[in-house]
Structure formats: structure tokens, C-alpha cells
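What follows is a short report on a single structure.
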Amino acid sequence: MRCKKCGEELEEGAKFCSRCGEPVERQKKKPKKKKESAEVKRPEKKKEAEKYAEKKEKVKKKPEKIGVPAEGSAEMIEKKYEEVMKAEEKEAVSEPASPEVPAEKKRSTVLIVIGVLIFLFVVIAVVGFYYLYYLPSQVVFSDEFETLDSRVWGMLRKGDNLLVKAQGGELVVRNGAVYLKRDVGNDYIIECGVNVIGVSDKNGWGGIIFRMGTSGSYILQLAPDLDRIVLRRHPGYLIVRKDIKLEKGRWYLVAVKAEGENLACFINHKQIIGIKDIGLAKGGVGLESGNATVLFRDFVIK
Numbered sequence: 161m162r163c164k165k166c167g168e169e170l171e172e173g174a175k176f177c178s179r180c181g182e183p184v185e186r187q188k189k190k191p192k193k194k195k196e197s198a199e200v201k202r203p204e205k206k207k208e209a210e211k212y213a214e215k216k217e218k219v220k221k222k223p224e225k226i227g228v229p230a231e232g233s234a235e236m237i238e239k240k241y242e243e244v245m246k247a248e249e250k251e252a253v254s255e256p257a258s259p260e261v262p263a264e265k266k267r268s269t270v271l272i273v274i275g276v277l278i279f280l281f282v283v284i285a286v287v288g289f290y291y292l293y294y295l296p297s298q299v300v301f302s303d304e305f306e307t308l309d310s311r312v313w314g315m316l317r318k319g320d321n322l323l324v325k326a327q328g329g330e331l332v333v334r335n336g337a338v339y340l341k342r343d344v345g346n347d348y349i350i351e352c353g354v355n356v357i358g359v360s361d362k363n364g365w366g367g368i369i370f371r372m373g374t375s376g377s378y379i380l381q382l383a384p385d386l387d388r389i390v391l392r393r394h395p396g397y398l399i400v401r402k403d404i405k406l407e408k409g410r411w412y413l414v415a416v417k418a419e420g421e422n423l424a425c426f427i428n429h430k431q432i433i434g435i436k437d438i439g440l441a442k443g444g445v446g447l448e449s450g451n452a453t454v455l456f457r458d459f460v461i462k
């Protein structure tokens, strides 16, 4: 007897086809027309059912090539997962890093920033200096000495061979002193161009009087033959003396700042003297020469 499904020769008494596993008993029955393949009726006995299941599994299982995992198997899924992970790692490694800024470009950027900061500092310094020293609203009094107005200036001291006159924007004072008749307060800044053009002896000097009152005054003296500037509290009290290179016939911008007990003296914007003194708290201002001919110009009080 042969298997009706595959044509295999069946052994005597066999219940299943050894080739396709088709039950022999089903071959006696006609398959149902509605279904393309007849359903397999499972045997009732336990052992036969197990054999039936094993043979049916073998029939359903397609032959596969040796060493090649079946599509959808756990081995194939794991293999594909590993391939995907390796590809992602490769892309992550090969991804180009953000380009670094060249060192020269960094250096040039730093230099530009430093240059801008220096420029801003200079601008702020210039503006601050202007507001501190040259803002017109801060000027209390100024005189360019086109003429010598007796209503503004008075004679303070007279010496031998006295000369006091204004000419060409300069005030000439020889062996004498003049004072400003106006009240300028107690705290102020005095600026004036000073030029000692000649001396009658090596101690000759020219200078600025400030905080002048009935009890005395301060006098800042420039002595070019001694290369020295001196701050005195008149009469006769020496406060401080500084050695500094001075020349006859040369203009110097001299400034005095009196603020409370703080006194400061400047030559060409450079501070030479800075002290505290409570001897004289207030008073007027003036210009003086001793044993010398001195030119003054651009007198300003702030």
C-alpha cells in the first residue's frame, strides 16, 4: 500500500507515512471539499500523539542550509542587531568633530579685544580729564592777561626794581606779588603757566600763592637755578622741598589743588607734592616772584 499524499511505499501496519508523516487512517477517508488540505486528526493515545507531534514538526520545518541561521530566528535577530550596533558605532566614530579655531585666529581675536579695551580706557580717561579740568561750568575765574585790570588784581608786595604789567597775553612780575581781589572759596584748583626767564641770584623763584589770609598763606615756588620746587607756609615755614630738573626760559604748567587739609602740587600734570596740613584752611590766591623775572599766562581757578 502506498501513501496517497507522497506515494511512499507503506509498511504493513504503519499508521503514519515514514516520508511525509501523513496518517494512514486518513487515507481511507475522503478529504473535505471545502478545505484544500485535510485536517490531521490527532490520535487519542498519549504516545501516538507525541509521535504525531514530532513528525508533524519535522514536516513543517523547511530544510535550511548548514551554518546559515533561519530568517526570524533568535540567532539571526541577534546577528542583525550586532551589525546595526557596529554600523552606529562606526558612524559615531567617523562623525567629523567641530572644526577648531586656528591659534593665529584666536590670538588675533584676543589682540582685537585688548585693543578695543585700551581704546575705551583712553576715551574714558580723556573725557574724565576734560570734565575734571576743562569743563567750562567748573571754571570759577580765568584771565588770559590781555590787560591788567586793577579792579581784579591788586598789589600785594613790592620789591626793588619792581615790574608788573600785562603784555601779549602774559603777565610780567619782577620782585613783587599780585593778588586776586575776588573770593574764590576755600577749596579749589589753580592752574597757570609759569616761566622763570631770569634771576638776580641763584635763589630766584616764581610761584603761586593760595589760601592767603591775615594769618599767612601757602606759596609754591619754582627755583630753576636750584632745580627745586618748595612749598612754604608764609611767613617763613618750610613744609616740603622736592628736587626736580627745571630750566630758565621754559614754560611749565603748574597746578595747585587745595581740598580741606589735603594739598597737592603738579608740574605738567604730574603730581610732585602731596601732603596734609591744617595750618591754613581758607584764603585767596595770587602770583609772586622773588629775585627773578617771571612770566605768567592762562590763569584759571576751578
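Counting the sequence shown from 1 gives a position; this note's numbering is that position plus 160.
Don't be surprised by glycine CBs; every beta carbon is placed ideally from N, CA and C.
Inset, instruction - Select from E182, S302, L271, M161 the residue whose C-alpha is nearest the C-alpha of K462. - result: As a working note, residue 462 is residue 302 in the sequence shown. Of the candidates E182, S302, L271, M161, the one whose C-alpha sits nearest the C-alpha of K462 is S302.
Inset, instruction - In angstroms with no decimal places, state the Cα-to-Cα distance between I438 and R392. - result: Working through the sequence shown from its first residue, we reach residue 438 at position 278. Working through the sequence shown from its first residue, we reach residue 392 at position 232. For I438 and R392, the distance between alpha carbons rounds to 13 angstroms.
Legend entry - Complete beta strand (DSSP E) runs within the region 345-383 (minimum length 3 residues, chain order): 348-359, 365-373, 376-383
Inset, instruction - Output yes or no for whether 8 angstroms exceeds the beta carbon distance between G471 and E304. - result: The question about residue 471 has no answer here: the residues shown for the chain are numbered 161 through 462.
Inset, instruction - Could you check the C-alpha separation between G336 and G446 for me, to the nearest Å? - result: Looking up residue 336 in the sequence shown gives position 176. Looking up residue 446 in the sequence shown gives position 286. Their Cα atoms are separated by approximately 11 angstroms.
Legend entry - Where the beta strand (DSSP E) containing E419 begins and where it ends: Reading the sequence shown from its first residue, position 259 is the one you call residue 419. Note, E419: beta strand (DSSP E), 412-419.
Legend entry - A424 - partner residues in DSSP beta bridges: Here residue 424 is taken as the residue at index 264 of the sequence shown, counted from 1. For A424, which the question treats as bridged, DSSP gives the partners K417, G434.
Legend entry - Reference G373, options G444, M161, E171, V299, closest by Cα: The sequence position of residue 373 within the sequence shown is 213, counting from 1. Checking every option, the nearest Cα to that of G373 belongs to G444.
Inset, instruction - Can you grab the Cα-Cα spacing for the pair N428 / L380, in whole Å? - result: Residue mapping note: residue 428 aligns to position 268 of the sequence shown, counting from 1. Residue mapping note: residue 380 aligns to position 220 of the sequence shown, counting from 1. Taking the straight line from one Cα to the other gives about 14 angstroms.
Inset, instruction - Please check the pair V460 and V276, which I expect to be a contact at CB under 8 angstroms, by giving their CB distance rounded to whole angstroms. - result: For the purposes of this step, residue 460 is identified with residue 300 of the sequence shown, where counting begins at 1. For the purposes of this step, residue 276 is identified with residue 116 of the sequence shown, where counting begins at 1. No, V460 and V276 are not in contact; Cβ-Cβ is about 34 angstroms, not under 8 angstroms.
Inset, instruction - For the beta strand (DSSP E) holding S449, just list the boundary residues, first then last. - result: Stepping through the sequence shown from its first residue, residue 449 is reached at position 289. Note, S449: beta strand (DSSP E), 444-461.
Legend entry - Candidates E419, A213, V454, R371, of which the one nearest Y412 by Cα: As a working note, residue 412 is residue 252 in the sequence shown. Taking only the C-alpha atoms, the option nearest Y412 is V454.
Inset, instruction - Classify S302 as helix, strand or coil using the three-state DSSP reduction. - result: Walking along the sequence shown from the start, residue 302 turns up at place 142. In the three-state DSSP reduction, S302 falls in the strand class (E or B).
Inset, instruction - Measuring only between beta-carbons, confirm whether A337 sits less than 8 angstroms from chain B. - result: Note that chain B does not occur in the displayed structure, where there is just one protein chain.
Legend entry - Same chain, Cβ closer than 6 angstroms to E264, five either side skipped, listed in chain order: Reading the sequence shown from its first residue, position 104 is the one you call residue 264. So the list is empty, once near-sequence residues are dropped.
Inset, instruction - Have a look at E421, I368, Y378, D361 and flag the residue whose alpha-carbon is nearest the alpha-carbon of N144. - result: Residue 144 lies beyond the range of the chain shown here (161 to 462); nothing can be said about it.
Inset, instruction - Figure out for me which residue from S310, L331, Q327, Y339 has the closest Cα to the Cα of L316. - result: The sequence position of residue 316 within the sequence shown is 156, counting from 1. The candidate whose alpha carbon is nearest that of L316 is Y339.
Inset, instruction - Could you check the C-alpha separation between R179 and K239 for me, to the nearest Å? - result: Position 19 of the sequence shown, counted from the first residue, corresponds to residue 179. Position 79 of the sequence shown, counted from the first residue, corresponds to residue 239. Cα to Cα, R179 sits roughly 34 angstroms from K239.
Legend entry - CA nearest to the CA of N422, picked from V414, K430, R410, I435: The residue labelled residue 422 in the question sits at position 262 within the sequence shown. Ranking V414, K430, R410, I435 by Cα distance to N422 puts I435 first.
Legend entry - DSSP-derived helix/strand/coil call for D320: Residue 320 sits at position 160 when you count from the first residue of the sequence shown. Reduced to three states, the DSSP call for D320 is strand.
Inset, instruction - With hydrogens ignored, establish whether the beta-carbon of R317 is closer than 7 angstroms to any heavy atom of the ligand FMN. - result: Questions concerning the ligand FMN fall outside what the structure shown contains, since it holds no ligand whatsoever.
Legend entry - Outcome for L382 when other beta-carbon atoms lying within 10 angstroms are tallied against a minimum of 16: The residue you call residue 382 lines up with position 222 of the sequence shown. Classification for L382: buried.
Legend entry - Span separating the alpha-carbon of I274 from that of G358: Within the sequence shown, the letter at position 114 stands for residue 274. Within the sequence shown, the letter at position 198 stands for residue 358. Computed Cα separation, rounded: 48 angstroms.
Inset, instruction - Could you check the C-alpha separation between E448 and G366 for me, to the nearest Å? - result: For the purposes of this step, residue 448 is taken as the residue at position 288 of the sequence shown. For the purposes of this step, residue 366 is taken as the residue at position 206 of the sequence shown. Looking at the two C-alpha atoms, the distance is approximately 6 angstroms.
Legend entry - Cβ neighbours of K325 in the same chain (closer than 7 angstroms, five flanking residues each side left out): Against the sequence shown, residue 325 aligns to sequence position 165. So the list reads L308, V332, once near-sequence residues are dropped.
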